[in-house]
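Undergrad: Chains as they are written, first to last, in my numbering: chain A, 14 to 117; chain C, 10 to 122.
We treat Cβ as the ideally placed atom computed from N, Cα and C, and that holds for glycine.
The following block contains the structure, expressed as structure tokens.
Written as structure tokens, this is what we have:
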């Protein structure tokens with residue numbers, strides 16, 4: 014069992030839908046990162062959080078330290094949101110990613 | 010500030026040859042990380058530096074791999090006697106001191122024939 018598990022592995026959505034990607038981890042952490050990687054592209058950091066909730070534009074990230082769980086939400090999804098979303102803890106352990114495709 | 014820079018962006022080599030990748034982090038960032046990513050997988054941690062000190066190395070980093078950050082600025086990752094299994098994207102990231110936000114380079118793609 015991986016120390017960082019993401020679900021779902023693949024996700025398709027229609028433009029405008031609300032999207033949730035989940036991340037569960039089994040180790041103690043000081044910080045959790047949500048990253049975005051476009052096909053053939055580099056990795057961009059979306060959020061770093063250690064408690065509570067953060068919002069940036071249409072993206073919202075939450076973390077529950079007690080339950081060792083984090084979620085990434087995308088409101089009003091758009092085709093340009095299509096990418097792989099990766100959860101990582103303490104920079105050393107990565108999930109395998111969630112591939113999101115948003116269709117117009 | 011031009012972000013994290015990696016070169017070369019692509020390297021094709023024959024099995025058994027040595028290759029070296031360079032990473033130039035954001036200038037004020039103390040921490041520098043190397044990761045490897047194969048197709049369809051998330052990045053795997055290889056090693057990280059705080060200034061010039063190499064603080065942790067993954068078991069993935071066999072004896073054929075070596076990384077340096079001699080002056081606490083740029084870093085190099087060398088792979089000796091490359092094998093086909095080394096084919097991957099090698100990613101570098103930097104962050105401020107402490108567990109700050111990560112900034113990734115575009116990666117160096119290695120193909121071993």
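1. Using a Cβ-Cβ distance under 8 angstroms, would residue 73 of chain A count as near chain C?
2. With a threshold of 8 angstroms between beta carbons, is residue 111 of chain C in contact with chain A?
3. Can you give the beta carbon distance from residue 58 of chain C to residue 78 of chain C, rounded, assuming they're within the 8 angstroms contact cut?
4. Shorter than 8 angstroms from the beta carbon of residue 50 of chain C to some beta carbon of chain A?
5. Compare the C-beta of residue 29 of chain A with all C-beta atoms of chain C and state if any pair is closer than 8 angstroms.
6. Of the residues that make up the region 96 to 108 of chain A, which ones have a beta carbon closer than 9 angstroms to any beta carbon in chain C?
7. Cutting at 7 angstroms between CB atoms, please list the residues of its own chain near residue 107 of chain A, excluding the five before and the five after it.
8. Would you mind working out which of C/114, C/37, C/39, C/120 sits nearest residue 50 of chain A, comparing C-alpha positions?
9. How about the region 84 to 100 of chain A and the region 28 to 44 of chain A: do they share at least three Cβ pairs that are nearer than 8 angstroms?
10. On the criterion of 16 or more Cβ atoms from any shown chain inside 10 Å, does residue 112 of chain C qualify as buried, or is it exposed?
11. Indicate the three-state DSSP secondary structure (helix, strand or coil) for residue 65 of chain A in the structure shown.
12. Report the neighbours of residue 65 of chain A on chain C: residues whose CB is nearer than 8 angstroms to its CB, in chain order.
TA: Based on what the coordinates show:
1. no
2. yes
3. 4 angstroms
4. yes
5. no
6. 97, 99, 100, 101, 103, 104, 105, 106, 107, 108
7. 17, 99, 101
8. C/114
9. yes
10. buried
11. strand
12. The premise fails here: residue 65 of chain A is roughly 16 angstroms from chain C at the closest Cβ pair, so nothing lies under 8 angstroms.
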